[in-house]
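Below you'll find the structure, written out as structure tokens, and then a few comments.
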Amino acid sequence: LLKMLTSYSTQELNSFNYLDLYRLADLFNLTLLEKAVIDFLVKHLSELLKSRPEDVLTLPYCLLQEVLKSDRLTSLSEEQIWQTVHSTKLLCPTPWSKQVRLQQPLSTRPWNTTRASMHSWQTGRTKPRFQSDTLYIIGGKKREICKVKELRYFNPVDQENALIAAVANWSELAPMPVGRSHHCVAVMGDFLFVAGGEVEHASGRTCAVRTACRYDPRSNSWAEIAPMKNCREHFVLGAMDEYLYAVGGRNELRQVLPTVERYCPKKNKWMFVQSFDRSLSCHAGYVADGLLWISGGVTNTAQYQNRLMVYEPNQNKWISRSPMLQRRVYHSMAAVQRKLYVLGGNDLDYNNDRILVRHIDSYNIDTDQWTRCNFNLLTGQNESGVAVHNGRIYLVGGYSIWTNEPLACIQV
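Next up, the structure:
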């Protein structure tokens with residue numbers, strides 16, 4: 001009988017009876033009906049505030065709280081949501097006044113006074129409101145522009161004028177302070193970190209840099225963080241256990257580095273950790289199973305590598321694993337369901353000429369074994385951006401070794 005009541009009430013739910021149905025759900029503990037009312041309000045809150053604002057402003061506290069904290073509440077800006085809260089009884093000084101007095105200094109003072117430590121002072125109130133993860137592209141090169149500042153995100157919702165997804169669905173956000181290419185990107189604590197890379201100086205000369213910055217999606221703004229100890233380009237940046245790790249690469253003199261350094265956001269400081277056993281650049285890396293994996297690359301003696309190394313942060317040491325089936329440089333790595341995948345890049349043939357690698361190889365973390373996949377890349381890509389979303393690997397951009405020009409292709 002209760003199931004029938006829930007089903008019927010859900011079908012009849014509208015802007016005139018939602019509050020009565022919520023009270024009914026609360027009285028008879030009808031959780032599915034209660035969820036339906038919350039979903040209805042999340043979807044129609046903006047309309048209800050215009051047509052029936054007095055009803056919204058007198059909603060029960062528990063109901064309004066569930067609606068306002070939903071990540072799916074995107075019809076209102078954060079300012080409008082705050083105004084809604086301010087207009088209701090949610091800010092009544094009783095019984096919340098004691099909690100406000102205690103929490104306010106603790107949560108806001110460090111956030112406002114130390115921008116570098118913002119990552120470490122997050123709470124549920126500072127977490128960005130979002131419906132799902134999305135893909136970002138940052139910086140790089142274009143044919144007409146040497147170094148790009150752009151930050152774009154893939155917006156699958158905006159389909160109204162979408163003719164070609166790769167063009168129409170990429171929306172712009174605040175650009176980086178300085179254009180750069182051959183840099184690295186990592187996500188940690190709902191912030192996006194960019195480090196190193198190559199920048200162009202006023203003289204027209206380009207070289208690797210130490211600088212790093214952080215993007216805050218809450219305010220759509222960038223902030224500088226402490227620079228790395230080494231200038232780096234063609235390196236790997238990974239986020240593990242509240243730290244960033246920068247591995248290898250080339251410095252401003254184009255010397256290949258063996259060094260590894262770690263960034264602590266609480267201290268806004270980089271420090272060296274266990275180095276590689278050899279200098280390495282143009283390698284690939286990914287964080288999986290709580291470890292940082294590094295594959296391939298080229299040494300300071302121009303030796304192409306097929307090695308797979310893993311960094312154990314608790315022991316601060318590098319461990320060798322089964323080598324790849326083929327040498328690769330300028331390739332990409334990603335992880336899906338406890339398997340590592342290496343994609344793209346190039347190798348050398350018997351004449352020491354560069355060749356594109358279209359094979360995709362997978363590594364089983366549990367068995368320490370490599371397997372060649374029975375499908376290849378549609379076209380070879382070098383130095384591509386890579387991301388995993390909903391169990392799919394996205395390979396974005398890069399450059400062609402034949403034309404030495406940037407690529408716009410996206411392979412999934």
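In this text, residue positions in the sequence shown follow full-length UniProt numbering: the first is 1, and each later residue adds one.
By construction, the Cβ of each residue, glycine as well, lies at the ideal position given by its N, Cα and C atoms.
#1: How many whole angstroms separate the CB atoms of Ala186 and Glu198, which I take to be in contact at a CB cut-off of 8 Å?
#2: At 3 residues or longer, and completely inside the segment 316-343: list those beta strand (DSSP E) runs for me, N to C.
#3: Just tell me which of Gln337, Lys229, Asp39, Arg307 has its CA closest to the CA of Asp277.
#4: Taking only runs that begin and end inside the segment 191-217, name each unbroken beta strand (DSSP E) of 3 or more residues, in chain order.
#5: Out of Gln381, Thr84, Val37, Lys147, which one is the CA nearest neighbour of Ala202?
#6: Note down the Cα distance separating Val357 from Asp347, rounded to an integer number of angstroms.
#7: Short of 8 Å in beta carbon distance, which residues of its chain neighbour Arg327, apart from the five on each side in sequence? Order them along the chain.
#8: For Val236, name the three-state secondary structure that DSSP assigns.
#9: With distances taken from CA atoms, which of Gln65, Pro217, Thr259, Glu242 is nearest Glu233?
#10: Hey, how far is the Cα of Gly385 from the Cα of Ala334?
#11: Can you check DSSP and say which residues form a bridge with Ala223?
#12: For Val167, I'd like the list of residues in its chain whose CB is within less than 7 Å of its CB, leaving aside the five on either flank, ordered along the chain.
#13: Determine which residues share a DSSP beta bridge with Lys147 and list them.
#14: Could you compute how far the alpha carbon of Ile294 sits from the alpha carbon of Tyr286?
#15: With a threshold of 16 other CB atoms inside 10 Å of the CB of Ile319, please say whether the residue is buried or exposed.
#16: Excluding the 5 residues flanking Cys373 on each side, which residues of the same chain have their C-beta closer than 7 Å to its C-beta?
#17: Can you name, in chain order, every residue of its own chain whose Cβ lies under 7 Å from the Cβ of Asp133, other than the five neighbours on each side?
#18: Considering only the alpha carbon of each residue, which of Thr6, Val42, Glu12, Lys43 lies closest to Leu27?
#19: Taking C-beta to C-beta, are Arg250 and Pro227 nearer than 7 Å?
#20: Does DSSP put Arg262 in a helix, a strand or coil?
#21: On a Cα-Cα basis, can you pick out the residue from Leu135, Trp222, Thr299, Asn316 that is closest to Val178?
#22: Check for me: the alpha helix (DSSP H) holding Asp55 runs from which residue to which?
#23: Quick check on Leu19: does DSSP put it in helix, strand or coil?
#24: Check whether the Cβ atoms of Ala239 and Ala212 lie closer than 7 Å to each other.
#25: Grouping DSSP H, G and I as helix and E and B as strand, with all else coil, what is Ile410?
#26: Helix, strand or coil for Val388? Go by DSSP, reduced to three states.
#27: Name the one or two DSSP bridge partners that Ser171 has.
#28: Helix, strand or coil: how does DSSP classify Ser279 here?
#29: For Val247, which beta-bridge partners are listed by DSSP?
#30: Using only alpha-carbon positions, find the residue among Tyr243, Gly248, Glu242 that is nearest to Phe235.
#31: According to the neighbour-count rule (16 or more other Cβ atoms, all chains shown, within 10 Å of its Cβ), is Trp402 buried or exposed?
#32: Spatial neighbours of Gly140 within its chain, please: C-beta separation below 6 Å, excluding the five flanking residues on both sides.
#33: Quick check: the Cα distance between Tyr61 and Leu45, rounded to an integer number of angstroms?
#34: In three-state DSSP terms, what is Tyr350?
#35: Within 10 angstroms of the Cβ of Met176, are there 16 or more other Cβ atoms? Answer buried if so, exposed if not.
#36: Within 10 angstroms of its Cβ, does Ile355 collect 16 or more other Cβ (buried), or is it exposed?
In short, the structure shows the following:
#1: Wrong, their Cβ atoms sit about 18 Å apart, outside the cutoff.
#2: 317-321, 332-336, 339-343
#3: Arg307
#4: 191-195, 198-200, 206-208, 212-216
#5: Lys147
#6: 7 Å
#7: Gly296, Tyr304, Gln305, Asn306, Asp347, Leu348
#8: strand
#9: Thr259
#10: 10 Å
#11: Arg214
#12: Residue placement at Val167 is poorly supported in this model, since its pLDDT is 49, which falls under 50; the coordinates still yield a value, given next. So the list is empty, once near-sequence residues are dropped.
#13: Lys147 is not bridged to any residue.
#14: 7 Å
#15: exposed
#16: Ile360, Asp361, Ser362
#17: His389
#18: Thr6
#19: no
#20: strand
#21: Trp222
#22: 53-56
#23: helix
#24: no
#25: strand
#26: strand
#27: Tyr153
#28: coil
#29: Val236, Val260
#30: Gly248
#31: exposed
#32: Val148, Ser181
#33: 15 Å
#34: coil
#35: buried
#36: exposed
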